[in-house]
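Chemist: Residue numbers (the working numbering): 51 to 584. In this text, a Cβ means the ideal position worked out from N, Cα and C, and glycines have one as well. Model, not experiment: these values are computed from the prediction.
#1: What runs of the alpha helix (DSSP H), each 4 residues or longer, lie entirely inside the stretch 335-391?
#2: With DSSP run on the structure shown, which of helix, strand or coil describes residue 203?
#3: Pull up the DSSP beta-bridge partners for residue 100, would you.
#4: Report back the beta-carbon spacing between residue 413 and residue 452 to the nearest angstrom; my notes put them in contact at under 8 Å.
#5: In terms of DSSP beta bridges, what is residue 512 paired with?
#6: Checking 9 Å against the spacing of the C-beta atoms, do residue 530 and residue 338 come in under that value?
#7: Excluding the 5 residues preceding and the 5 following residue 545 in the sequence, name in chain order all residues of the same chain whose CB lies nearer than 8 Å to its CB.
#8: Across which residues does DSSP place residue 157 in a beta bridge pair?
#9: Where DSSP assigns a beta bridge to residue 426, which residues make up the other side?
#10: By a C-beta neighbour count over all protein chains shown, 10 Å radius and 16 as the cutoff for buried, is residue 140 buried or exposed?
#11: Which complete beta strand (DSSP E) runs does the stretch 252-298 hold, if anything under 3 residues is left out?
#12: Beta-carbon within less than 6 Å of residue 250's beta-carbon, same chain only, minus the 5 sequence neighbours each way: which residues are those?
#13: DSSP on residue 226, reduced to helix/strand/coil?
#14: In the DSSP assignment, what are the bridge partners of residue 183?
#15: Residue 257 and residue 333: beta carbons closer than 9 Å?
#16: Please list the terminal residues of the continuous alpha helix (DSSP H) segment that includes residue 405.
#17: If you draw a straight line from the alpha carbon of residue 298 to that of residue 131, how long is it in whole angstroms?
#18: So, residue 163 versus residue 200, is the Cβ gap smaller than 9 Å?
#19: Can you grab the Cα-Cα spacing for the pair residue 404 / residue 548, in whole Å?
#20: How many Å lie between residue 214 and residue 174 at the Cα?
#21: Mind checking whether residue 347 and residue 551 have CB atoms under 9 Å apart?
#22: Tell me which residue opens and which closes the alpha helix (DSSP H) that residue 173 is part of.
#23: Along the chain, where does the alpha helix (DSSP H) that runs through residue 322 open and close?
#24: Please classify residue 323 as buried or exposed, where buried requires at least 16 other C-beta atoms within 10 Å of its C-beta.
#25: Does residue 142 pass the burial test, meaning 16 or more other C-beta atoms within 10 Å, or should it be called exposed?
#26: Roughly how many whole angstroms lie between the Cα atoms of residue 302 and residue 554?
#27: Taking the straight line between their C-alpha atoms, what separation do you get for residue 262 and residue 89?
#28: Going by Cα to Cα distance, which pick from 293, 285, 328, 360 is closest to residue 415?
#29: Consult DSSP for residue 305 and reduce its assignment to one of helix, strand or coil.
#30: What are the boundary residues of the beta strand (DSSP E) that includes residue 123?
#31: Tell me the DSSP secondary structure of residue 118 in three-state form.
#32: Rounded to whole angstroms, how far is the Cβ of residue 444 from the Cβ of residue 425, which I believe are closer than 8 Å?
#33: If you follow the alpha helix (DSSP H) that residue 238 is in, where does it begin and where does it stop?
#34: Tell me residue 484's beta-bridge partners as DSSP assigns them.
#35: Would you grab the beta carbon distance between residue 228 and residue 190 for me? Rounded to a whole angstrom, and I think it's under 8 Å.
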C-alpha cells in the first residue's frame with residue numbers, strides 16, 4: 051500500500067487574506083504565508099514535486115474552493131512561471147487523493163500537448179502510482195483515477211470530449227483554444243466521487259486567437275456585458291471565477307537554472323515583451339484599429355437638437371445601425387445603437403421603429419428637407435428576392451412606419467484608387483487616431499516600460515458608454531485580412547456594427563473632388579416616398 055504525503059499549509063496568522071483580484075502587494079504577502087504543495091511518498095527523502103510561490107497560490111485556492119465558492123480558475127500571465135506544470139500536478143494530487151476521479155487536460159494541438167505534458171508524464175511518478183497508455187494518451191492511476199490528455203485544434207475535435215463527463219477539466223494555453231469549447235465543456239463537469247467538488251482550470255499567456263474572450267471572461271469579468279450572445283444558455287457567475295496573475299520571476303527554480311531568460315524576454319518586440327515578460331492583457335492582439343476604450347468611449351451627454359445625425363442600416367440576418375451626431379467641432383459622437391438578430395422583414399421594421407421612438411429620433415425628420423437626420427441603407431434593401439417574384443423588398447416594410455432610408459452607393463476612392471471597403475477603413479482609422487507623449491521608466495526588475503503621459507492629439511470619433519455595447523465590444527475584435535492587409539477580415543459574428551458606422555461616415559464625408567461616376571437610378575426610392583404620401 052502506497053502512503054503519499056500532501057503538504058499545503060497556510061500560516062494561521064494570515065488566513066484571512068482573500069480578495070477576488072489580488073493586488074501585487076497582497077500577492078507577495080499571501081505567497082509568503084502559503085507553504086508549497088509537496089507531493090512525496092511517505093518516508094522518501096526527495097519529493098516528486100514542490101511548487102513555486104505562485105503555483106502554491108494556485109494549488110491553495112483550488113484546494114479551498116469549497117470554502118470560497120470558486121469553481122473556475124485562471125492561472126495566467128507571463129511565460130515560464132510553471133503554469134503547465136502546476137495543472138498537471140494539481141491533477142496528480144487530486145487523482146491520487148480521490149480514487150476514481152476522471153480528469154481532462156487539453157491543448158490546442160497535439161505537438162504542443164506532446165512537448166508540455168506527454169513527454170514528461172512518465173517521469174512524474176514511479177510505476178507503483180500508475181501507468182501511461184501512449185495510444186490513448188491517458189494515465190491510469192493504480193487507485194482507479196484517470197487523467198486524459200487531448201487536443202482540439204478544429205471544431206470537429208470537440209465531439210471527442212463532449213460525449214464524456216469529467217470531475218476536472220483543464221485547458222493549457224487557453225487563449226489558443228476555441229472559447230466556444232470552454233463553454234461547452236462546462237456542461238461536462240460531473241461529480242463522480244463523493245466529497246469532491248468538480249472545477250475548471252485554465253492556464254495561459256495573454257494573446258492568442260481567443261484573447262479577447264478569455265480576457266473578458268476571466269480577467270475583467272465583464273463577459274455578460276461584452277459578449278452576451280456567446281453565452282447563449284450558459285450561466286455566467288463572476289463570483290465563482292478567480293484569476294491569479296503569474297510572472298517568470300515567481301519561478302525561481304527556472305530563473306536560477308536559466309538566468310538569461312529574463313534578458314531574452316526583455317529583448318522581445320514590445321507587444322511580445324508585454325505578453326511574455328509582463329503578462330499584460332492590455333496588448334494589441336492584431337486588432338485592425340488602434341481603439342482605446344479609455345479614450346474613445348465617453349460618458350453620454352444630451353445631443354443638441356440642431357446637430358446633424360447620420361446613420362446606415364446594415365441589413366441581413368443580423369441587423370445593425372448606429373446613429374452618429376456631428377458636433378460643431380467636427381467630431382463624431384456615436385450615441386445610439388440598434389441590433390436585431392433574425393426575424394422577418396416585418397419584425398425588423400417594427401423593432402427599428404421602436405428603437406427610434408425610444409431614442410427620441412423623430413421619424414419625420416429622417417431624410418426630409420426640413421430634417422437633420424440622414425439615414426442610408428444598402429441598395430439591396432430596396433430590392434425583392436430574385437427567387438421570389440411575390441416577395442416585397444425590406445424597404446416596403448419600413449415604409450409602413452414612414453421610414454425611408456436613402457440608397458447607399460458604394461464607389462471606389464478614385465483619388466487614391468482604393469476600394470470602398472479600404473477607403474472606409476482608412477477613414478475610420480484616421481478619425482480614431484490619437485497620440486500621447488511617452489515617458490520611459492524602469493521598474494524594480496529592470497524592465498523599461500513606456501508610460502503614456504499627456505494626450506497631445508485628440509481623436510475625432512467617440513462612442514457613448516453603455517449606449518453602443520455591440521460596437522464597443524466588436525470594434526477592437528476586428529483583425530486584418532490574411533489576403534489584404536488594408537482590409538478587415540470578414541466575420542459575420544462581429545462586423546455588422548463596424549459596417550454600419552463606416553458606411554454612414556464615408557457617405558457623409560466630403561468627396562474631395564472625386565471624379566463623378568455614374569450610379570444606379572434612385573427612381574424606385576423616389577417612387578416609394580411618393581406612394582407613401584398619397
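Modeler: Walking through what the data contain:
#1: 343-346
#2: coil
#3: 88
#4: 5 Å
#5: 383
#6: yes
#7: 524, 528, 538
#8: 201
#9: 362, 456
#10: buried
#11: 291-296
#12: 122, 219
#13: helix
#14: 188
#15: yes
#16: 395-408
#17: 5 Å
#18: yes
#19: 22 Å
#20: 26 Å
#21: no
#22: 169-174
#23: 320-326
#24: buried
#25: buried
#26: 55 Å
#27: 36 Å
#28: 360
#29: helix
#30: 122-127
#31: helix
#32: With a Cβ gap of about 13 Å, residue 444 and residue 425 do not count as contacting.
#33: Unbroken run through residue 238: none, as it is neither H nor E.
#34: Beta-bridge pairing links residue 484 to no other residue.
#35: 28 Å between Cβ atoms; not a contact.
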